[in-house]
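Below you'll find the structure, written out as structure tokens, and then a few comments.
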Amino acid sequence: MELDATLLSISLVLIGLLLHTTQATTQENCERSGLCTYIVRVSPHLNISMDMSRMDLESWYRSFLPPRMDRSPRSTSPFIHTYKEAILGFAVDLTKDDAEYVKSKDGVLMVYKDILLPLLTTHTPDFLSLRPNGGAWSSLGMGEGSIIGLLDTGIDSAHSSFDDEGMSAPPSKWRGSCNFATSGGHCNKKLIGARSLVGGPNNPEGPLDDVGHGTHTASTAAGRFVQGASVLGSGNGTAAGMAPRAHLAMYKVCDEQGCYGSDILAGLDAAIVDGVDILSMSLGGPQQPFDEDIIAIGTFSAVKKGIFVSCSAGNSGPFPGTLSNEEPWVLTVGASTMDRQMEAIVKLGDGRSFVGESAYQPPSLGPLPLMLQLSAGNITGNVVACELDGSQVAIGQSVKDGGGAGMILLGGDGTGHTTIAAAHVLPASYLNSQDAAAVRQYINTSSKPTASIVFNGTALGTAPAPVVAYFSSRGPSTASPGILKPDVIGPGVNVVAAWPFKVGPTTNTAGRDRDDDDQHGAAAATFNSVSGTSMSAPHLSGIAAVIKSAHPDWSPAVIKSAIMTTAYVVYGNNKNQPILDEQLSPASHFSVGAGHVNPSQAVSPGLVYDTDVEQYVLYLCGLGYTDSQVETITHQKDACGKGRRKIAEAELNYPSVATRASVGELVVNRTVTNVGDAVSSYAVEIDLPKEVEATVSPAKLEFTELKEKKTFTVRLSWDASKTKHAQGCFRWVSSKHVVRSPIVIF
């Protein structure tokens, strides 16, 4: 999900229950016509083969429709999408009575009304210690041979980040296609697949990116090396994604409005069939039970096929319990800052200075009169201090149109110390909440307030970093509180990556120059600075591709375990600086999960926690889902029937432990698999507050071969009347590896 400094016109809030764009494009039309899009999930019939053709499948799907619809000509499909892999079912326009008829048919598991979901880098590789001459890149081939599929807004195929010079041919397993229709794009050995599924499988506009979001996330995950990349000269350096030699496949399922659930399922269905290794999803919706969550359902099918899925945690922080994509079979990624600032220093007339940020770095401005946005009067020639209520760039455009000379964006109370660097259309600076409060106070108490903005270029090595971004959604999970989410955090603030349009003072407020006859690829190395968990998720997708390239036999759960158990929560020369939150307080586990991703360690984790599909089924039964609900999620019949085993959330073989404080004690088993040295020894270390009594037995694990498994027991106890929250970890430590698992009691 994206909290886009230059593009809030597409950083959408959930817009209720909307109708499919190709059928009746607005909720008003849906309500007026009574014809709305529904997703129908069906159970496989005994006489139905999963090897049947799409034509035969559609013929069977017609049997669930009202008689009047089944009489439509066979040459004209009544369906918007038909699904075979992500789910068994279809998307179709129905009246309310039609939907009730379909619900009543034998074999129908669920009927959902379609909803619209929101779309939730030059320095990043260095910050993550990824370098061509050392670390994970050097030894593991930069993701070569892996295929990353992205469900997003499309892609600018002409951008130099997607050049294929020196790329290998796609793997033989690849079954995808490239269909830019009449839009003028192309595929190559880098971008090996591109399709649009917006409104149906035959969208004439093709997968060209008219938003920017998809181009940005694709290059973040797997962009090639591009020298001299910058945003209007800021953040200058050599751009590269996390897996520069991985292949890309773009499934356009979103447009400027957002992403419809029916299209997302179609993208998942296509990606599974095509043979991707990694799925990157920078989108998400409201919290809901897993059997009603189309992303949870579709991604379960992907993971079942061995596909690793990285999803955005959401941009609803810093408030607790605000996560998207909570299911344990995906990696849920929060957002953090990097040690880079594009400095725009605000100097007040009383001599005080505050360091803000702006990707647009014009000559310094002022001193000029300073006024609040809400003040009455003419703003011509003034620096205007504006509350952050909408798109930064759009606010700046309004100030510029009104004659304002410059702008100071005032971070609100909840934004803490996070600052966002946008490609502004006039001289501007974004100040954090503390500095913004000082500016407000100065304006309100000074008879003639003035301000200057001094642009100081890009500073590297700024501290503290990483810090959890204010907007990054926080746990605990509402769908499954006993699973710690988010899983990890990664770079998601002021990420510089590929962009299909010009940015800065010559563009309009959408970040695009619509007067440019050839927007896409006209400036083959245009980049933009964007923030959000939309940016952090593709970082982890690319890192997962590097791991998959090095370890092609690793399951999605093993890759996730490798990322989580090697993440860090303290850093610095003495490893004594904790990761902080937006208020510069030590971050909680519900902010960082297992910690900040550490790619160089994740490729060699030592021990891993594997989890198979059967465990997820037992876990869902343990959550109290019915047989029908579990079948809706997993395709498995009678999973939770009488006499069948169930497990509690805490019993899932997950790389973290979470439990309610009210229970007073917890005993769980975990099983690790040796993927390090064949002969190795690990001793346990426990780090928890003294009010929690903790033991791990056995306290030492001895391995004599690769892939050997060992099971251990974690016992925790505390006084539930006194202890309401505690967090810490246990670690398995060898001579080469530290395998860390967070513990949270809440």
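Sequence positions in the sequence shown follow mature numbering (1 follows the signal peptide of the UniProt record, and there is no 0) and run -24 to -1, 1 to 722.
Glycine is no exception: its CB is placed at the ideal position from the N, C-alpha and C atoms.
query: Segments assigned beta strand (DSSP E), at least 3 residues, entirely inside the stretch 506 to 588; result: none
query: For Val444 and Asn155, the rounded distance between their alpha carbons; result: 39 Å
query: Residues of its chain near Glu181, where Cβ-Cβ distance is below 8 Å and the 5 sequence neighbours each way are ignored; result: Ala157, Ser159, Ser172 and Val174
query: DSSP bridge partner residues for Phe66 (one or two, in chain order); result: Val16 and Thr58
query: Assigned secondary structure, Pro94 (DSSP; H/G/I helix, E/B strand, else coil); result: coil
query: Reduced DSSP secondary structure (H/G/I, E/B, other) of Thr193; result: helix
query: Three-pair Cβ contact test at 8 Å for the stretch 566 to 581 versus the stretch 533 to 542; result: yes
query: Range of the contiguous beta strand (DSSP E) that encloses Leu692; result: Lys685 to Ser693
query: Ser340 and Phe431 closer than 8 Å at C-beta; result: yes
query: Pair within 8 Å by beta-carbon distance, Leu583 and Tyr658; result: yes
query: Extent of the continuous alpha helix (DSSP H) to which Val639 belongs; result: Counting along the chain, Val639 falls outside any alpha helix (DSSP H), and DSSP gives it neither H nor E.
query: Rounded Cβ spacing between Ala311 and Ile465 (contact assumed at less than 8 Å); result: 6 Å
query: Environment of Ser436 [buried if 16+ CB atoms lie within 10 Å]; result: Reading off the sequence, residue 436 comes out as Leu, not Ser. Under this definition Leu436 is an exposed residue.
query: Test item: CB-CB of Asp253 and Ala521 under 8 Å; result: yes
query: Beta-carbon spacing of Gly237, Asp90 below 8 Å; result: yes
query: Buried or exposed (CB count within 10 angstroms, at least 16 for buried), Gln417; result: exposed
query: Collapsed DSSP secondary structure at Lys79 in the structure displayed; result: helix
query: Cβ pair Trp475, Thr502 closer than 8 Å; result: yes
query: As assigned by DSSP and simplified to three states, the class of Trp708; result: strand
query: Endpoints, alpha helix (DSSP H) assigned at Thr275; result: Ile270 to Lys280
query: Whole-angstrom C-beta distance between Asn504 and Val479, which should lie under 8 Å; result: 5 Å
query: Own chain partners of Val360 with C-beta closer than 7 Å, once the 5 adjacent residues on each side are dropped; result: Met347, Gln349, Val375, Gly380 and Met383
query: Per-residue DSSP class, three states only, for Asp128; result: strand
query: Simplified DSSP assignment, three categories, for Ser9; result: helix
query: Beta-ladder partner(s) of Cys597, from DSSP; result: Note: Cys597 sits in no beta bridge, so no partner.
query: Secondary structure of Glu681, DSSP reduced to three states; result: coil
query: Ile270 to Leu692 span [Cα, whole Å]; result: 36 Å
query: Span separating the alpha-carbon of Val207 from that of Arg17; result: 45 Å
query: Euclidean distance between Cα positions of Ser80 and Gln264; result: 23 Å
query: Nearest-angstrom Cα separation, counted from His162 out to Tyr630; result: 41 Å
query: C-alpha distance - Val471 paired with Ser507, whole-angstrom precision; result: 6 Å
query: Beta-ladder partner(s) of Met31, from DSSP; result: Answer by DSSP bridge pairing: none, since Met31 is not bridged.
query: Residue span of the beta strand (DSSP E) that contains Gly466, given as start and end; result: Val464 to Pro467
query: Status (buried if at least 16 other CB within 10 Å, exposed otherwise) for Val579; result: buried
query: Lys376: first and last residue of the uninterrupted alpha helix (DSSP H) it sits in; result: Gln368 to Asp377
query: CB contact flag (Leu386, Val415, <8 Å); result: yes
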